Amino acid sequence: MLHTSILDRFSNLLDGSRQAQVSMETSSMLESIEYDKSVEVHSMHTAQSPSRKQDGFKWLDGRGFKEENPKYLLPHDIGEKGRLASQHYQIRNYQAPVREDLKRGIKVLDVGCGPGMWTIDMAKEFPASFFFGTDITNAFDEAEVLPNCAFMTADTTKGLPFEDETFDYVFQRFQCLCFTEEAWGKVIPELMRVLKPGGYLELDSNIAFYDAGPACQTWEEQVSATLILRDINPKVWTVIDPLLDKLNLEDKKEVVQSVPVGWGDSELGRLLKENFTKGIMQGMRPQMLLVLGCSEEDYDELMERATEEMGGDYKPVTRFWRGFGDFGGVGIGVEKRDEDSSREARVWKRGSGFGAAARRRCLHRSREDDYQYLDTFLIVNSLQ
């Protein structure tokens, strides 16, 4: 149940170690969003160091893993915050056609926001809109103070602390490996629940290597084995697509884009290579050693060979999938992918028709502004 005023809620945030700095503009914007006032809202800096060994963390090989999220392979520490910040600037922005709406002023939710880089960047670019970020951990605890931005710790699988149809635009990225199949069955409906009719949901459904060398392929196989042991389907699109189909979305549009890893003329290739090798491979190392039972020497040797392959004898790319649908519009069909040939699909027109005036649209997302190796648009429409 929603209760107490927003100013009362913010007064409860004050303790001996930190002081809430909330402008009247922030309070006014937050007043327009109905949410569970029993959940703490963050719109200030905190004095807490993210490198400090905090309660609720399991420490493996010097890396901190959140105990309440044991299935997640990557750590929740200052090193991972740095990697996420770098990754944000490599694969940033958004794909949904909402720019004019953002300029005018809408309510936006960033689910699984991590350190809040996307949330903050968007809040700076679109001051007329209000941005709310949620994450299972308080990785945003040192996020920059902005009048049109706030953060909240929330577990999507247990329900987001917002009323139905609160947000015009719901954004989720880099969550492909976070949820079990059972959890995805809760996450997708929950994201749609808080989305207004006519609003957009944007999310990425898969990140994978293609044309990689044998060491990279071996590492991917080891990651897949580790995920399967944790009831996480590494081919997450096979889980998400049926869930979206149940929502009777129309004009479901999917975009496939590929970017180089460790090669090409763009600086992006070098940065993505560092992200995968020094960031993801190194970050997953403690959990992979624990689950697979391999030696440190074997894992490190595999990482070294994979690093040498990228941009050497092999030209790997990583591909992203996204799409959107809405209730109503022109009917377009798309051929279904099988699990082993998900690189391509064909587009054809199935027919046309118009649905209800109130529309809710969904967008699988991924964007890369600097280098486009492949840009294939796949559009789907399932008329009611």
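FYI, in this note's numbering the residues of the sequence shown are 91 to 474. We put the beta carbon where it would ideally sit given N, CA and C, even for glycine. Source: prediction; values computed, not measured.
Residue i versus residue j: straight-line alpha-carbon distance, rounded
i: Ile196; j: Leu250; result: 19 Å
i: Gly264; j: Leu236; result: A quick correction: the sequence has Phe, not Gly, at residue 264. Their Cα atoms are separated by approximately 24 Å.
i: Gly288; j: Phe366; result: 37 Å
i: Leu358; j: Ala218; result: 31 Å
i: Asp222; j: Lys325; result: The sequence given here places Phe at residue 222; Asp does not occur at that position. If I take the Cα positions, the gap works out to 29 Å.
i: Val349; j: Ala396; result: 17 Å
i: Thr246; j: Asp403; result: 42 Å
i: Glu310; j: Met374; result: 12 Å
i: Cys384; j: Lys193; result: 52 Å
i: Ala446; j: Glu387; result: Summary for Ala446: the model assigns pLDDT 24, below 50, so the residue's position carries little reliability; its value from the coordinates is reported in the next sentence. Cα to Cα, Ala446 sits roughly 60 Å from Glu387.
i: Gly354; j: Lys368; result: 19 Å
i: Val424; j: Asp335; result: Summary for Val424: the model assigns pLDDT 26, below 50, so the residue's position carries little reliability, and this model does not support an answer.
i: Phe299; j: Thr408; result: 5 Å
i: Leu267; j: Asp331; result: 15 Å
i: Thr270; j: Cys239; result: 30 Å
i: Ala448; j: Phe261; result: Confidence at Ala448 is low in this model, with a pLDDT of 29, below 50, so its placement is unreliable and no value can be given for it.
i: Phe257; j: Ala244; result: 16 Å
i: Phe363; j: Leu380; result: Here residue 363 is Lys; the residue named in the question, Phe, does not match the sequence. Looking at the two C-alpha atoms, the distance is approximately 25 Å.
i: Glu215; j: Leu382; result: 44 Å
i: Arg512; j: Phe220; result: Missing from the structure shown is residue 512; the chain here goes from 91 to 474 and no further.
i: Leu337; j: Asp191; result: 24 Å
Pick from the options that is closest to residue i, judged by C-alpha positions
i: Asp301; options: Lys276, Lys248 and Met400; result: Met400
i: Glu272; options: Asp245, Tyr404, Asn323 and Asn228; result: Asn323
i: Phe241; options: Asp335, Leu361, Met207 and Cys268; result: Met207
i: Gln377; options: Arg360, Lys363 and Arg320; result: Arg320
i: Glu253; options: Lys286, Glu234 and Tyr389; result: Lys286
i: Glu234; options: Pro205, Gly354, Tyr389 and Val188; result: Pro205
i: Lys248; options: Glu190, Gln262 and Gly275; result: Gly275
i: Val313; options: Cys203, Met371 and Phe216; result: Met371
i: Thr308; options: Gln262, Glu215, Trp327 and Tyr389; result: Tyr389
i: Trp327; options: Asp294, Gly303 and Leu337; result: Asp294
i: Glu398; options: Arg360, Val188 and Asp191; result: Arg360
i: Phe230; options: Glu190, Glu215, Phe220 and Cys203; result: Cys203
i: Glu394; options: Glu215, Leu382 and Gly303; result: Gly303
Simplified DSSP state of residue i, which is helix, strand or coil
i: Asp403; result: coil
i: Leu267; result: coil
i: Val73; result: Outside the shown range of the chain (91 to 474) lies residue 73, about which nothing can therefore be said.
i: Phe222; result: strand
i: Ser113; result: Residue confidence is low: Ser113 scores 42 on pLDDT, short of 50, so the model does not pin down where it sits. Its coordinate-derived value is still stated next. In the structure shown, Ser113 sits in coil (DSSP, three-state: anything other than H, G, I, E or B).
i: Thr408; result: strand
i: Val198; result: strand
i: Glu190; result: helix
i: Cys384; result: coil
i: Gln377; result: helix
i: Cys306; result: helix
i: Thr256; result: coil
i: Phe261; result: strand
i: Ala213; result: helix
i: Gly369; result: helix
i: Ala240; result: strand
Within 7 Å, strictly: CB atoms of residue i and residue j
i: Leu392; j: Ala305; result: yes
i: Val201; j: Thr227; result: no
i: Glu255; j: Ala186; result: no
i: Val198; j: Tyr290; result: no
i: Leu317; j: Ile278; result: no
i: Pro406; j: Val329; result: no
Cutoff 7 Å: residue i Cβ touching any chain D Cβ
i: Pro324; result: Structure shown: chain D not included; a single protein chain is present.
The ligand FMN heavy atom lying under 6 Å from the CB of residue i
i: Pro350; result: The ligand FMN is not part of the structure shown, which contains no ligands of any sort.
| task | Please determine if the stretch 205-225 and the stretch 275-287 are in contact, where contact requires at least 3 C-beta pairs separated by less than 8 Å. | result | no
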